[in-house]
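Working notes for the structure below.
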Amino acid sequence: MTPRQTADHRSARLSLKRAVVFVTTFCNFRCGFCEFAADRLPRERKIHFPFDRWEGFLREFKALGGREVYLTGGEPLMHPRFWEMVELAQRHGLPVHRVTTNGSMRAQMGAGEFRLAREAVRAMQVSVDSPRAEEHDASRGFTGAMERLTEFIGALRAEGAQVHISNVLTRDLFRRSAELVEWAHGLGVRHVNFQPCNWESNYGDYDAVEDKERFAVPDEEMDSLEIALHEAHRVARHHAVSTNLPLLRRWVRAFFECQGTGEFFHDRLFARFRCYVPHETVYVGSAGEIFPCTLLRHVGTLAEGSLSDLWRDAMQPVRDHLDRGRFFRECQSCYCDFPANVRKNLQRHPLRHAGKVLSLLPYYMGRLRTH
Ligand code: SF4
Ligand code: SF4
C-alpha cells in the first residue's frame with residue numbers, strides 16, 4: 002500500500018464522535034473499588050479540569066467532527082464551574098450525552114442548574130450499588146448517600162430531567178439486581194445500566210485499588226449471577242424499564258472468568274474482534290491528558306499539543322496496534338464502551354455475525370429509545 006493509500010485507509014476508519022471528559026478527580030465518596038475514592042487518591046492528584054481550557058477544547062473537538070460529550074469524574078458536580086461547562090457545551094451545540102454522578106450534590110443546585118440538567122444533558126446517570134440504604138451507604142463509604150440520591154432523583158424528575166441508574170456488579174451485591182430495577186421503576190427511572198466491577202484500574206494512569214479482585218464475582222457464583230441477571234431482566238421487561246442486560250448477559254460470565262488470566266473475553270464472543278474505541282472516542286483527563294481509552298495510559302496532554310495533533314498522531318500507534326488485531330494487557334479486563342464496540346463489529350461483518358445481529362437488534366433499538 003502506498004503512503005497515500007495508507008493515509009486514506011486510516012482516515013476512512015477515523016471519525017471522532019465523542020469525548021469522555023474526567024472533569025475532576027475529586028470525590029466525596031469512598032467506594033472500595035474506585036481509584037478516585039476520597040481517602041485513596043493523594044491530595045496532589047486531586048485536580049479539576051482547568052475551566053479556561055474548556056471552551057478552546059470544545060471548539061477544537063467540534064471542528065474535528067465531535068458530536069457529544071460525556072462528563073464524568075471523580076464526582077463531576079464537585080467541579081466548582083461544572084454547570085458553566087455544561088452551559089458552554091450547550092452553547093457550542095454539543096449535547097452532554099451523560100453526566101455520571103453519585104447523586105450527593107443536590108444542595109449545590111438551583112433553578113438554573115436544574116434547567117441545564119433538563120435541557121443540555123440527555124441523561125443524568127446516578128450510581129447505585131444497592132436499593133437498600135444501609136448496603137448502598139456501606140458500599141459507597143458515605144452515611145446518608147442513599148437518602149441524598151433519592152432526593153436528588155426526585156428533584157431531577159420533578160424538573161423534567163432524564164435520569165438513568167448505573168450499577169456496578171460486585172460479588173456482594175449482584176443479588177440485588179432485580180430489586181434495584183423494581184426500586185428504580187418506583188422512582189420513575191426508565192433505564193438501568195449494569196456494569197461488572199473491573200479488576201484492573203479504571204483509569205490508565207492510576208494504580209488499581211489493592212486486592213481489587215475481592216469485588217469480582219468468583220467462578221463458583223457464576224450460576225447465581227446468571228440467575229440474578231435473568232430475574233432482573235424479567236422484572237425490567239415487566240415494568241418496561243430498559244437495561245443493557247440483553248447484551249450483558251451474553252458476556253458477563255466470560256468477562257469474569259477471563260479476569261486475571263491471559264485470555265481475552267472478547268475472543269469468546271467474536272471471531273476476529275476489533276476494538277474501535279480509539280477510532281471514535283477521545284478520553285480527556287482532569288489535567289488535560291489525552292487517553293486512547295479509559296484503561297490505557299495517556300499519550301499526551303493538551304498543554305503539550307493541540308487536540309488535533311494528539312488525536313491524529315499521538316493516538317495513531319494505538320489504533321495501528323488494534324487494527325492489526327492485537328491488544329494490550331489492559332484489554333483483558335476491558336468493558337469500555339462495549340455496546341458500541343459490539344455494534345461496530347456487527348456492522349463491519351453483518352453476514353459473518355448474522356445470528357447475533359438478529360438477536361441483538363431489539364437491544365440496540367431499545368438503546369435508541371433511551372437516548
Ligand atoms: S465510584 Fe464514583 S462515587 Fe465512588 S469514589 Fe469513585 S468517583 Fe467517587
Ligand atoms: S479493548 Fe483495549 S484498547 Fe479497546 S477500549 Fe478496551 S482497553 Fe482500550
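Letter 57 of the sequence shown, counting from 1, is numbered 58 in the numbering used here, and no numbers are missing.
C-beta atoms are modelled at their ideal positions from N, C-alpha and C, and glycine is treated no differently.
Predicted model only: the values in this text are computed from it and were never measured.
request  = Would you decide whether residue 235 is buried or exposed? Buried here means 16 or more other CB atoms lie within 10 Å of its CB.
outcome  = When all chains shown are included, residue 235 counts as exposed.
key: Alpha-carbon to alpha-carbon, residue 362 and residue 231   = About 19 Å.
Residue 225 burial status per 10 Å Cβ neighbour count (16 or more: buried) = The residue in question, residue 225, is exposed, as its Cβ has fewer than 16 Cβ neighbours within 10 Å.
ask   = At a cut-off of 6 Å, is residue 35 close to ligand 1 when judged by its beta-carbon and the heavy atoms of the ligand?
value = It does: the Cβ of residue 35 is within 6 Å (strictly closer) of some heavy atom of ligand 1.
request  = Can you give me the Cβ contacts of residue 222 inside the same chain, cut-off strictly under 6 Å, excluding the 5 residues immediately before and after it?
outcome  = Apart from sequence neighbours up to five positions away, no residue of its chain approaches residue 222 with a beta-carbon distance below 6 Å.
task = Could you check the C-alpha separation between residue 302 and residue 289 for me, to the nearest Å?
result = Between the C-alpha atoms of residue 302 and residue 289 there is a straight-line separation of about 5 Å.
query = Which residues mark the beginning and the end of the alpha helix (DSSP H) in which residue 101 is found?
reply = No alpha helix (DSSP H) contains residue 101, which is instead part of the beta strand (DSSP E) from 97–102.
request  = Consider the C-beta atom of residue 198 and the heavy atoms of ligand 1; say whether any pair is separated by less than 6 Å.
outcome  = Every heavy atom of ligand 1 is 6 Å or more from the Cβ of residue 198, so no.
inquiry  = In chain order, what are the residue ranges of uninterrupted alpha helix (DSSP H) at least 4 long that sit wholly in the stretch 115–203?
reply    = Those alpha helix (DSSP H) runs which fall completely within the stretch 115–203 and span 4+ residues are 134–141, 146–159, 178–187.
Opposing strand residues paired with residue 243 [DSSP bridges] = Partner(s): 192.
ask   = Quick one: what does DSSP say residue 350 is sitting in, helix, strand or coil?
value = Of the three classes helix, strand and coil, the one that applies to residue 350 here is coil, per DSSP.
task = Could you tell me which of 284, 308, 309 sits nearest to residue 297, measuring between CA atoms?
result = When each option's Cα is compared against that of residue 297, the closest is 284.
key: residue 63 vs residue 93 beta-carbon contact at 7 Å   = Going by C-beta atoms, residue 63 is nearer than 7 Å to residue 93.
message = I'd like to confirm the pairing. Which residues does DSSP put opposite residue 48 in its beta bridges?
response = Answer by DSSP bridge pairing: none, since residue 48 is not bridged.
key: Outcome for residue 109 when other beta-carbon atoms lying within 10 angstroms are tallied against a minimum of 16   = With fewer than 16 other beta carbons inside 10 angstroms of its own, residue 109 counts as exposed.
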